[in-house]
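To convert, note that position 246 of the sequence shown is 681 in the numbering used here; the numbers rise steadily by one, no gaps. Using N, Cα and C, we set each Cβ at its ideal position, and we do this for glycine too.
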Amino acid sequence: NKATLSELRATQKAVLRVEVHAAVASREAVRDAASGALVPNILETHDLSFAELGSNDAGDVIALLGSNAGGSSVRLRKSGIYPVSLSIRVDDRESSRLITFVNFVTVQTSKNSLSVSLVAEVNPELSQTPAGETLLPDSTRNALNNVVSSLTGDGGVMSLRVSPETLNSLAISSNPQDAELLGQLQVVFAKHQVLASTFVPFDPSSAEKAKLNSEFDTQLARGIEVLNTRNGDAGINPRTWFSTRPITTDGISLLARAGFTNVVFSPQAAQSLGALDSYTKQYRADYAGDATKKVSIAVADPQYAASLSGGNSNPVQTSMAIAAEIVVQQGELVVGQRQQLDHHLVVSTLDGSVPNPVLLNSLLVALSNAPQITLRPLGSIQRATDASTPLTMSSGTPIDLLSRRPQLQSVIDEIASTQTMLTSEAPQRMWWEDALLLIQSDALNADRFDVYLKGFRAQLRAFRASVSVPQSLTFTLSGKSSDLRLQLRNSANMPLSVLVTLSSAKLTFPEKPQVITVAANSAIDVIVPVIARANGTFPLEVVLYTPDGTAQVGK
Numbered sequence: 436n437k438a439t440l441s442e443l444r445a446t447q448k449a450v451l452r453v454e455v456h457a458a459v460a461s462r463e464a465v466r467d468a469a470s471g472a473l474v475p476n477i478l479e480t481h482d483l484s485f486a487e488l489g490s491n492d493a494g495d496v497i498a499l500l501g502s503n504a505g506g507s508s509v510r511l512r513k514s515g516i517y518p519v520s521l522s523i524r525v526d527d528r529e530s531s532r533l534i535t536f537v538n539f540v541t542v543q544t545s546k547n548s549l550s551v552s553l554v555a556e557v558n559p560e561l562s563q564t565p566a567g568e569t570l571l572p573d574s575t576r577n578a579l580n581n582v583v584s585s586l587t588g589d590g591g592v593m594s595l596r597v598s599p600e601t602l603n604s605l606a607i608s609s610n611p612q613d614a615e616l617l618g619q620l621q622v623v624f625a626k627h628q629v630l631a632s633t634f635v636p637f638d639p640s641s642a643e644k645a646k647l648n649s650e651f652d653t654q655l656a657r658g659i660e661v662l663n664t665r666n667g668d669a670g671i672n673p674r675t676w677f678s679t680r681p682i683t684t685d686g687i688s689l690l691a692r693a694g695f696t697n698v699v700f701s702p703q704a705a706q707s708l709g710a711l712d713s714y715t716k717q718y719r720a721d722y723a724g725d726a727t728k729k730v731s732i733a734v735a736d737p738q739y740a741a742s743l744s745g746g747n748s749n750p751v752q753t754s755m756a757i758a759a760e761i762v763v764q765q766g767e768l769v770v771g772q773r774q775q776l777d778h779h780l781v782v783s784t785l786d787g788s789v790p791n792p793v794l795l796n797s798l799l800v801a802l803s804n805a806p807q808i809t810l811r812p813l814g815s816i817q818r819a820t821d822a823s824t825p826l827t828m829s830s831g832t833p834i835d836l837l838s839r840r841p842q843l844q845s846v847i848d849e850i851a852s853t854q855t856m857l858t859s860e861a862p863q864r865m866w867w868e869d870a871l872l873l874i875q876s877d878a879l880n881a882d883r884f885d886v887y888l889k890g891f892r893a894q895l896r897a898f899r900a901s902v903s904v905p906q907s908l909t910f911t912l913s914g915k916s917s918d919l920r921l922q923l924r925n926s927a928n929m930p931l932s933v934l935v936t937l938s939s940a941k942l943t944f945p946e947k948p949q950v951i952t953v954a955a956n957s958a959i960d961v962i963v964p965v966i967a968r969a970n971g972t973f974p975l976e977v978v979l980y981t982p983d984g985t986a987q988v989g990k
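Listed below in structure tokens is the structure:
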């Protein structure tokens, strides 16, 4: 802080001590050094007086040390990852210390780079309420702002799986902050790769088990449509599925038929696969039912995931340790390799969520500046071949999607009936179809499913009630054959059609029930010929239905 810095600069013997340690040659050595468990021998030490250190506009201390330039410089010789200890000392007392790493590069540095992909999933809770309103929770905005701050900068490319329902809600929200946030996301997405996703979470393993293939295809098609519409200039990768849940053999089959050639797991999602002998080589899962088709399988390295998912009290320091370990891993892989590395390393958090924004941004910058590393999107993972190591997917116990089908089918029938009231271009058609996709989300537990189901049916009933007749009607017939004049009112801001039916014990109706279209926010008189079979006063029942005659409209 400024006060401490001023005090140090005013203290004559306050120095920043820079200690360069011997290079580390293994991942374990990087981890030992980062944790302080075993720091290699010190090669050289430099004491820089605080009184002579500069600052940038942000107030950060700038300490410049050249490399191999003589004088106050770091005199290294060989390429490698060198741990560097930084400490603040006054006289002989050390007040603080941290350790970071330097990637020292010479002309002898191997250009046989390791392909690395960073991936994360942004899948907040649903933004559409059971009442049909668009309401983004603060937690969702925070998560999306983290994405913007993580990926705004000069770092390399990464892959993102983003909830289409969330992006769609940002686009239709009446809150101007949401439109601004969507614009910021679109700028960020243009630099990275967005992965295909279903409109809302819809587990492929469960869908295949329950024979809901067409429902999955509908969810996926709508998800890709929204992503293509709402993501700005970003390209969509429709061939790579990033999964934060386990996937069974059934799920692999469904994904393969849907056109996915690569499936990438977060470490938690891959626990059923057990520990792999390598997290950089090519694996495959054979496509059930067609031995000629294979799906490439990759799993994010669990050790890096644990580092990304930690408390991260010093995220920049953590990012440097992760970057150093990845560079050292590249060095281990190229030993004895004369041909180009075909290994591919995937990095994510344990659950696939977005890491600490400062850590992620710093890591992307560090890796993009390392000549031993090539940052690539997940779409660059090679397709599986017969030479790929086979993996057996678990049989698992998928989510029970069948138990909700009778209730969902009832809503599907109600939507189909209510849609007959609309013109072909009415926007409600898409809204209701999206709402139907939304309540199929497997992220909804039983209680939330019931709440959304009741809320959606209430929306449909309220919409149908837009067309009504006066609550109290009295007709006087002037003869045995006469006409009834019945007024219909439409309170909706669009034209609606209804089937008008009348019944009475002492009246007959020579004509069939009529389908009447009432203009938006208006009323119309309907003329109905009747024949009286007796004199007197008697009740008349007027019932309005959807044009297909299956759902009642209003009271």
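Secondary structure of residue i, DSSP reduced to three states
{"i": "residue 538", "result": "strand"}
{"i": "residue 573", "result": "helix"}
{"i": "residue 677", "result": "strand"}
{"i": "residue 527", "result": "coil"}
{"i": "residue 846", "result": "helix"}
{"i": "residue 925", "result": "strand"}
{"i": "residue 814", "result": "helix"}
{"i": "residue 728", "result": "coil"}
{"i": "residue 547", "result": "coil"}
{"i": "residue 665", "result": "helix"}
{"i": "residue 741", "result": "helix"}
{"i": "residue 788", "result": "coil"}
{"i": "residue 486", "result": "helix"}
{"i": "residue 820", "result": "coil"}
{"i": "residue 971", "result": "coil"}
{"i": "residue 651", "result": "helix"}
{"i": "residue 516", "result": "strand"}
{"i": "residue 657", "result": "helix"}
{"i": "residue 708", "result": "helix"}
{"i": "residue 914", "result": "coil"}
{"i": "residue 561", "result": "coil"}
{"i": "residue 829", "result": "coil"}
{"i": "residue 854", "result": "helix"}
{"i": "residue 776", "result": "coil"}
{"i": "residue 449", "result": "strand"}
Cβ separation of residue i and residue j, assumed to be a contact under 8 Å, to the nearest whole Å
{"i": "residue 551", "j": "residue 810", "result": "6 Å"}
{"i": "residue 899", "j": "residue 853", "result": "6 Å"}
{"i": "residue 595", "j": "residue 630", "result": "7 Å"}
{"i": "residue 933", "j": "residue 921", "result": "Not really, about 11 Å apart at Cβ, beyond 8 Å."}
{"i": "residue 588", "j": "residue 796", "result": "5 Å"}
{"i": "residue 767", "j": "residue 461", "result": "7 Å"}
{"i": "residue 635", "j": "residue 654", "result": "7 Å"}
{"i": "residue 881", "j": "residue 929", "result": "Their Cβ separation, rounded to whole angstroms, is 35 Å, which puts residue 881 and residue 929 out of contact at 8 Å."}
{"i": "residue 806", "j": "residue 540", "result": "6 Å"}
{"i": "residue 836", "j": "residue 689", "result": "Not confirmed; about 12 Å, so no contact."}
N- and C-terminal bounds of the alpha helix (DSSP H) containing residue i
{"i": "residue 612", "result": "611-624"}
{"i": "residue 959", "result": "Segment 957-967 is the beta strand (DSSP E) holding residue 959; no alpha helix (DSSP H) there."}
{"i": "residue 800", "result": "792-803"}
{"i": "residue 883", "result": "881-899"}
{"i": "residue 869", "result": "863-874"}
{"i": "residue 906", "result": "Taken as a continuous stretch (DSSP letters only), residue 906 belongs to no alpha helix (DSSP H), as it is neither H nor E."}
{"i": "residue 689", "result": "684-692"}
{"i": "residue 444", "result": "437-445"}
{"i": "residue 642", "result": "639-644"}
CB contact check: residue i to chain B, cutoff 8 Å
{"i": "residue 658", "result": "Considering every chain present, this structure includes no chain B. It has just one protein chain."}
Host beta strand (DSSP E) of residue i (start-end)
{"i": "residue 991", "result": "The question about residue 991 has no answer, for the chain in this structure spans 436 to 990."}
{"i": "residue 976", "result": "976-980"}
{"i": "residue 938", "result": "931-938"}
{"i": "residue 601", "result": "Looking at the DSSP string, residue 601 is not in any beta strand (DSSP E); the run it does join, the alpha helix (DSSP H), is 599-607."}
{"i": "residue 753", "result": "No beta strand (DSSP E) holds residue 753; the alpha helix (DSSP H) holding it covers 750-769."}
{"i": "residue 630", "result": "628-630"}
{"i": "residue 720", "result": "718-721"}
{"i": "residue 697", "result": "697-700"}
{"i": "residue 985", "result": "First-last for residue 985: undefined, no H or E at that position."}
{"i": "residue 951", "result": "949-953"}
Heavy atom of the ligand COA within 7 Å of residue i beta-carbon
{"i": "residue 442", "result": "In the structure shown, the ligand COA is absent, as is every other ligand, since no ligand is present at all."}
Tell me whether the region 827-841 and the region 569-589 touch, counting them as touching only if at least three CB pairs, one residue from each stretch, are closer than 8 Å.
The region 827-841, when compared against the region 569-589, does not touch it at the 8 Å Cβ threshold.
Review point. Do three or more CB pairs link the region 696-714 to the region 750-766 at distances below 8 Å?
Key: With a cut-off of 8 Å, the region 750-766 and the region 696-714 do not count as touching, because too few Cβ pairs lie within range.
Any chance the region 773-786 sits against the region 549-563, with 3 or more Cβ pairs inside 8 Å? Counting Cβ pairs under 8 Å, three or more are found: they touch.
message: When you compare the region 511-525 with the region 454-471, are there three or more beta-carbon pairs, one atom per stretch, that lie closer than 8 Å?
response: Output reads yes: the region 454-471 touches the region 511-525.
Does the region 964-979 come close enough to the region 935-944 that 3 or more CB-CB pairs lie under 8 Å?
As far as the Cβ criterion goes, the region 935-944 touches the region 964-979, which means the pair count is three or higher.
task: Pair every Cβ in the region 632-649 with every Cβ in the region 678-690, then say whether three or more of these pairs are closer than 8 Å.
output: Yes, the region 632-649 is in contact with the region 678-690.
Closer than 8 Å is the cut-off here; do at least three beta carbon pairs connect the region 907-924 with the region 944-961? Segments in contact, yes.
Segment contact, 8 Å Cβ cut-off, at least three pairs: the region 477-488 with the region 437-454
Yes, the region 477-488 is in contact with the region 437-454.
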